[in-house]
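Chains as they are written, first to last, in the numbering used here: chain A, 1 to 244; chain B, 245 to 488.
Just so it is clear, CB atoms sit at the ideal spot from N, CA and C, and this is done for glycine as well.
Bear in mind that the values here come from a model prediction, so they are computed numbers and not experimental data.
Written out as C-alpha cells, the structure reads:
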C-alpha cells in the first residue's frame, strides 16, 4: 500500500501561524523530512516522530528520500518554512514525482514571510507587490537585477527574501541602489528579522538607510511603492477607499 | 477599558486554511465585522456572535465602526478573506486608527489566494513572482497596465486577483495581451475558482487560451515565468536544485 506525501508550509515558526490543515498533515505523518533548522522549529509532539533532516544543499536528496518512503507505504511530510510553494519544496517534489507516479502528493500552503512580516510592519503590501529572492545560489544575479529594475519601474511594493549572507555581503546594497535609482532614497522601507521566533526584531526606515544595513538570511525586507506612507511607526500601502 | 481590535485573515474559506492565531482571535472577539460574503464563510460557532456586515463599497464605514467599538471596550475582529494585508483591511484600519490611538491593533495574517491557489495548481510561484489586481475600482487602469508590462518584462510568475467582473468584461483579455506581447501565447497559465469553497474548479492551460476565457471575481489567475513547465497537469516553476 502506498503512503501519502504532504508538502507542508509550517509558517515562520511559532505554532500560532500554522494552519489547521498543516497541523493535521503533521499528525498523520509517520515520517517528517526537512532542512535541519526547520525541523528544530517544530513543537515537541512532532519532533518525537521519525525525522530525516539534512543541511542546506541537500534539497534534492531529501525530496527523493521522501518520495521513496511515501512510495513504500509510509505517510511522509516534507516541511517547508513559510509556504510550501514560495521558494519551498513543492516545485522540486513535483519535478521529481515523475518517477513516483503512484504517490499521492498534497501541497498544504503556509504563511510565507511576505505575509507574516507585512503584518509586523503594518500593511506594506496592501496593493500590488513583487517578491524577489536575492540569493544567487539558484538564480544568476543578472536575472535578479533585471527583476529589481522592473519591479521598481512598475511601482510595486517589493518584498526581498534572503537579502544578504556571509557569502554575499553586497547584494542588499546593490538591490537598494537599483531600486532607489527609480524611487529615490526616501522611499519607505522596513525589515523583520526572525519572524515569529525568539529575538524577533523589526525596523521601519527609508530605502537610503536600508542600503547600508547589515542584515542576514533570516530577515525579510519590505520596500514601499509610491503609495506607501509611514504612520505611527507602521508602513501603510493604502488603496484609496474614499477616505482622505 | 478599551478593547482589542483584530484584523484577521481567515484564508479562502475552508476552516482548514485558517491559522491557530486567527481562530484564537475569533474566539476572543465579541463582535465580528466584515463584508457580508466573508461573514457567510465563517463556521457556525462564529456566526452566533454579534456581527456587523455591509456590502461591497462599505469598507471605510465597517472599519470606522470596528475602531469605535474596540475603543468603547468591545473586543472586535475585522475579517478579511485570504490575508489581512494583501488587498485586505489592514491598511485601511491603520489609516483610520490615527483617530483611535487608544485601540490596540493586532494584524493576523492568513493564506492569501496566491498561496492557496498555487497549491491547487502545483507550484506556479516557486520562484520570484508579482501579484496584481485587475480591479479598476481603486486603481486606475493605466497603473495596472504599466505593472503588467513591467512584470512580464521582468520574467516574473504573475498572479492576477479580480481578473474580470460584469462591469469590466475585458480586463483579463487586455492583461493577457500585454503579457503575451513579451512572453508569446504558449506560456503556461492556469486558474483556480472558488478556492477552498464549494464548486472549486481549476484549469491548467496556456496564456493564449486564457485570454478568451470568461472568469469572475472569485477566480485567481496564474501565469508562469520562462521557468514554468506543465507536468502531469500541474504548473511547476522550478528553481534548479541540481537535478535534471
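Per DSSP, what kind of secondary structure is residue i in: helix, strand or coil?
i, result
"residue 299 of chain B", "coil"
"residue 287 of chain B", "coil"
"residue 488 of chain B", "Annotation note: pLDDT 46 at residue 488 of chain B (below 50); position unreliable, coordinate value reported separately. Residue 488 of chain B falls in the coil class under three-state DSSP."
"residue 215 of chain A", "coil"
"residue 450 of chain B", "strand"
"residue 337 of chain B", "helix"
"residue 475 of chain B", "strand"
"residue 136 of chain A", "coil"
"residue 470 of chain B", "coil"
"residue 48 of chain A", "coil"
"residue 316 of chain B", "coil"
"residue 178 of chain A", "helix"
"residue 429 of chain B", "coil"
"residue 259 of chain B", "helix"
"residue 245 of chain B", "coil"
Of the choices the options, whose alpha-carbon is the least far from that of residue i?
i, options, result
"residue 389 of chain B", "A:128, A:149, A:144 and A:136", "A:128"
"residue 338 of chain B", "B:311, B:405 and B:270", "B:311"
"residue 25 of chain A", "A:37, A:79 and A:41", "A:79"
"residue 73 of chain A", "A:131, A:86 and A:1", "A:1"
"residue 138 of chain A", "B:271, B:481 and B:354", "B:481"
"residue 46 of chain A", "A:182, A:33, A:56 and A:55", "A:33"
"residue 6 of chain A", "A:109, A:60 and A:86", "A:109"
"residue 411 of chain B", "B:461, B:375 and B:293", "B:461"
"residue 286 of chain B", "B:314, B:305, B:321 and B:304", "B:321"
"residue 14 of chain A", "A:113, A:71, A:52 and A:3", "A:113"
"residue 159 of chain A", "A:107, A:126, A:140 and A:54", "A:126"
"residue 300 of chain B", "B:333, B:474, B:350 and B:342", "B:333"
"residue 202 of chain A", "A:191, A:147 and A:223", "A:191"
"residue 180 of chain A", "A:49, A:107 and A:157", "A:157"
"residue 174 of chain A", "A:194, A:193, A:197 and A:149", "A:149"
On the DSSP letters alone, give me the boundaries of the beta strand (DSSP E) that residue i sits inside.
i, result
"residue 34 of chain A", "31 to 35"
"residue 108 of chain A", "104 to 108"
"residue 237 of chain A", "234 to 237"
"residue 160 of chain A", "157 to 161"
"residue 255 of chain A", "This structure cannot settle anything about residue 255 of chain A, because the visible part of chain A is limited to 1 through 244."
"residue 374 of chain B", "373 to 377"
Considering residue i, what are the terminal residues of the alpha helix (DSSP H) in which it resides?
i, result
"residue 253 of chain B", "Taken as a continuous stretch (DSSP letters only), residue 253 of chain B belongs to no alpha helix (DSSP H), being part of the beta strand (DSSP E) at 248 to 253."
"residue 434 of chain B", "Note, residue 434 of chain B: premise wrong, no alpha helix (DSSP H); beta strand (DSSP E) at 432 to 437."
"residue 360 of chain B", "357 to 365"
"residue 150 of chain A", "141 to 153"
"residue 98 of chain A", "No alpha helix (DSSP H) contains residue 98 of chain A, which DSSP labels as neither H nor E."
"residue 441 of chain B", "First-last for residue 441 of chain B: undefined, no H or E at that position."
"residue 328 of chain B", "Careful: residue 328 of chain B lies outside any alpha helix (DSSP H) and carries neither H nor E."
"residue 271 of chain B", "264 to 272"
If I'm right that residue i touches residue j with Cβ under 8 Å, what's the distance once you round it to whole angstroms?
i, j, result
"residue 227 of chain A", "residue 208 of chain A", "Actually they are not in contact, since the Cβ atoms of residue 227 of chain A and residue 208 of chain A sit about 19 Å apart, beyond 8 Å."
"residue 164 of chain A", "residue 215 of chain A", "6 Å"
"residue 29 of chain A", "residue 9 of chain A", "That belief does not hold up - the Cβ atoms of residue 29 of chain A and residue 9 of chain A are roughly 14 Å apart, past 8 Å."
"residue 398 of chain B", "residue 189 of chain A", "In fact, because the Cβ distance is near 20 Å, the residues do not count as touching under 8 Å."
"residue 115 of chain A", "residue 465 of chain B", "Not really, about 20 Å apart at Cβ, beyond 8 Å."
"residue 135 of chain A", "residue 367 of chain B", "Contact flag wrong, Cβ pair sits at about 17 Å."
"residue 256 of chain B", "residue 302 of chain B", "The pair is not a contact, with the Cβ atoms about 22 Å apart (cut-off 8 Å)."
"residue 386 of chain B", "residue 319 of chain B", "Contact doesn't hold; Cβ gap of about 42 Å is too wide."
"residue 347 of chain B", "residue 315 of chain B", "5 Å"
"residue 31 of chain A", "residue 63 of chain A", "At roughly 13 Å, the Cβ-Cβ gap does not stay under 8 Å, so residue 31 of chain A and residue 63 of chain A are not in contact."
"residue 224 of chain A", "residue 213 of chain A", "Not confirmed; about 16 Å, so no contact."
"residue 210 of chain A", "residue 176 of chain A", "6 Å"
"residue 377 of chain B", "residue 350 of chain B", "Wrong, their Cβ atoms sit about 25 Å apart, outside the cutoff."
"residue 263 of chain B", "residue 18 of chain A", "6 Å"
Can you name the residues that DSSP bridges to residue i?
i, result
"residue 412 of chain B", "B:409"
"residue 220 of chain A", "A:192"
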